[in-house]
Structure formats: C-alpha cells, structure tokens
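Undergrad: Using the UniProt record's numbering, read the sequence shown as starting at 1 and increasing by one per residue.
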Amino acid sequence: MPLTGHCLCKAVTYTAEVDEPAITAYDHCDDCQRQSGSTYSLVAVVPKDKLTINGPIKSWAGKGSSGQAVHRLFCSECGSPIAHDPDAAPEIIALKAGTLDTEIKKTLKPTVEIWCASKLPFCQEKLEKPFQGMPE
Numbered sequence: 001m002p003l004t005g006h007c008l009c010k011a012v013t014y015t016a017e018v019d020e021p022a023i024t025a026y027d028h029c030d031d032c033q034r035q036s037g038s039t040y041s042l043v044a045v046v047p048k049d050k051l052t053i054n055g056p057i058k059s060w061a062g063k064g065s066s067g068q069a070v071h072r073l074f075c076s077e078c079g080s081p082i083a084h085d086p087d088a089a090p091e092i093i094a095l096k097a098g099t100l101d102t103e104i105k106k107t108l109k110p111t112v113e114i115w116c117a118s119k120l121p122f123c124q125e126k127l128e129k130p131f132q133g134m135p136e
C-alpha cells in the first residue's frame with residue numbers, strides 16, 4: 001500500500017510508491033524546529049524516485065551541515081511543510097510525517113532520533129498532567 005498524504009488545505013497531495021518509509025525519525029535540527037514551529041519534525045524518508053507530488057508547491061533552499069542545499073517544499077496556498085530534499089543525499093527525500101493520511105501516520109514507528117545535538121533539553125521530561133485533548 002503506498003504512502004499518501006496532503007497539506008492542510010488539501011491543495012497539495014502526494015503518493016510514495018513504497019510500503020513503508022526507509023526510516024522514520026524524530027529530526028531535532030534547528031531548521032526543522034523552525035519549519036515545523038515545534039521542538040522537532042517527524043520525518044518519513046522515502047526514495048525520491050518513488051514520490052509524486054501534485055499541487056502548488058513552493059521551495060526554499062537553505063544550506064545544510066554538508067554545505068550543500070536543503071530544499072524545503074511547502075504548499076504555496078496554506079504553507080504546510082511537505083518535505084525536505086537534501087542535495088547531499090539526492091536519492092532520498094524526507095516527508096513531513098504529519099502530512100501523511102491519518103490512518104497511515106498512526107502506523108508509524110519512529111526508530112531513530114537525528115540531530116540530537118540540537119534537541120531541546122525539556123524534550124526528555126515527562127509531564128505530570130497529560131491531557132487527551134484540550135483541558136477544560
């Protein structure tokens with residue numbers, strides 16, 4: 001079953017013709033924190049030649065630790081990040097796993113954390129009061 005997903009407004013859709021990601025990781029790099037607006041980005045790495053993206057995509061390129069460009073793809077309508085595409089690893093692309101279809105992302109099993117040098121110190125803490133939804 002392929003991996004499918006979409007942006008928040010559904011203008012951008014994608015399909016990766018793979019049964020599962022090659023790697024599912026918590027990416028703690030500073031750029032992913034900024035792009036996601038959160039403490040890390042959950043990424044699902046797939047072969048780039050197996051991915052088809054449809055819809056209005058924009059790209060912004062920053063410099064990765066390799067000195068080469070990392071292209072960050074996002075929906076030009078709603079701004080949802082879709083993937084990052086590093087020139088240093090041209091055979092892969094890292095999908096932003098939160099954009100996968102709901103039933104697919106429920107099956108993900110992250111196996112690694114990357115860029116832990118940038119991991120925020122409070123990410124290791126377990127909070128005493130977890131809420132299933134918004135507190136009332």
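Even glycine gets a Cβ: it sits at the ideal position worked out from N, Cα and C.
The model shown is predicted, which means the values in this text are computed figures rather than measured ones.
On the CB-based measure, 16 or more other CB atoms within 10 Å of its CB, does Ser-80 come out buried or exposed?
TA: As a first step, residue 80 is located in the sequence shown; it is residue number 80 there, counting from the start. Result: buried.
Undergrad: Using 10 angstroms around the beta-carbon of Ser-65, count the other beta-carbons present and answer buried if the total reaches 16, otherwise exposed.
TA: In the sequence shown, counting from the first residue as 1, residue 65 sits at position 65. With fewer than 16 other Cβ atoms within 10 Å, it is exposed.
Undergrad: In this structure, how does DSSP classify Glu-113 when only helix, strand and coil are distinguished?
TA: What you label residue 113 is simply residue 113 of the sequence shown in a count that begins at 1. Glu-113: strand per DSSP, three-state reduction.
Undergrad: Leaving aside the five residues before and after Ile-92 along the sequence, list all residues of the same chain whose C-beta is less than 8 Å from its C-beta, in chain order.
TA: Locating residue 92 in the sequence shown gives position 92, where the first residue counts as 1. These residues qualify, in order along the chain: Ala-22, Val-45, Val-46, Pro-47, Lys-48, Pro-86.
Undergrad: Rounded to whole angstroms, how far is the Cβ of Lys-96 from the Cβ of Ala-83, which I believe are closer than 8 Å?
TA: Sequence index remark: in the sequence shown, residue 96 carries index 96 (1-based). Sequence index remark: in the sequence shown, residue 83 carries index 83 (1-based). Confirmed, about 6 Å.
Undergrad: Can you tell me whether Phe-74 is buried or exposed? The criterion is at least 16 other CB atoms within 10 Å of its CB, across all chains shown.
TA: Stepping through the sequence shown from its first residue, residue 74 is reached at position 74. That one is buried.
Undergrad: Nearest to Ala-117 by CA position, among Pro-2, Tyr-26, Thr-13, Ala-16, is which residue?
TA: Residue numbering aside, residue 117 sits at position 117 when the sequence shown is read from its first letter. The option with the nearest alpha carbon to Ala-117 is Tyr-26.
Undergrad: Which runs of the beta strand (DSSP E) spanning at least 3 residues fall entirely within the UniProt domain "CENP-V/GFA" (3-116), listed in chain order?
TA: 3-6, 13-16, 23-27, 41-47, 51-54, 57-63, 69-75, 81-86, 92-96, 112-114
Undergrad: Measuring alpha carbon to alpha carbon, tell me which residue in Leu-120, Lys-109, Cys-78, Asp-31 is nearest residue 189.
TA: The structure shown has nothing for residue 189, since the chain only spans 1 to 136.
Undergrad: Excluding sequence positions up to five away, which residues of its chain have a Cβ less than 6 Å from the Cβ of Gly-5?
TA: Sequence index remark: in the sequence shown, residue 5 carries index 5 (1-based). Cβ within range, chain order: Tyr-14, Thr-99, Leu-100, Asp-101.
Undergrad: Have a look at Ala-11 and Leu-108 and give me their C-alpha separation to the nearest angstrom.
TA: Position 11 of the sequence shown, counting from 1, holds the residue named residue 11. Position 108 of the sequence shown, counting from 1, holds the residue named residue 108. For Ala-11 and Leu-108, the distance between alpha carbons rounds to 24 Å.
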